[in-house]
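In our numbering, the protein residues as written are 1 to 114.
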């Protein structure tokens, strides 16, 4: 069975989308999969941690153009691993960082949870 090469968005489209989503949303999670169907354990963990403190936030499924998202996100975060969480335009971290913040009792404040 043959799988076609990445049929997703081109790099410029992804760069634009990443910039817009980070700028327009208070909290954004770039993840593999969707809220209803996370496609990796790290994304599922990040989703659960954010869900615990916030009802409203944006998620972006990077699987359609994974390589392009990695390049675009690295410009903002210096990381190429997914998931990545941004709050008020600032990179917070992946699921490991969110978990550390939760353990220290700082995640709610970081996410500006009500």
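Where a beta carbon is used, it is the ideal one built from N, C-alpha and C, also for glycine.
As the structure is a prediction and not an experimental result, all values here were calculated from the model.
Practice task
Please work out which residues of its chain come closer than 7 Å, Cβ to Cβ, to residue 71, disregarding the five sequence neighbours upstream and downstream, and give them in chain order.
Solution key: 11
Practice task
Have a look at 64, 50, 18 and flag the residue whose alpha-carbon is nearest the alpha-carbon of residue 100.
Solution key: 50
Practice task
Run through the region 7 to 82 for me and flag every whole alpha helix (DSSP H) of 4 or more residues, listed as ranges in chain order.
Solution key: 11 to 24, 41 to 53, 66 to 77
Practice task
Buried or exposed for residue 105, please, with buried defined as at least 16 other CB atoms from any protein chain shown within 10 angstroms of its CB.
Solution key: exposed
Problem - Euclidean distance between Cα positions of residue 42 and residue 69 - result: 17 Å
Practice task
Classify residue 93 as buried or exposed, calling it buried when 16 or more other Cβ atoms lie within 10 Å of its own Cβ.
Solution key: buried
Handout entry: Distance between residue 8 and residue 14 (C-alpha atoms, nearest Å)
Key = 9 Å
Exercise for the section: Taking only the alpha-carbon atoms, compute the straight-line gap between residue 73 and residue 103 and give it to the nearest angstrom. Expected result: 26 Å
Practice task
Leaving out five residues on either side along the sequence, give the residues of the same chain with a beta carbon under 6 Å from the beta carbon of residue 44.
Solution key: 38
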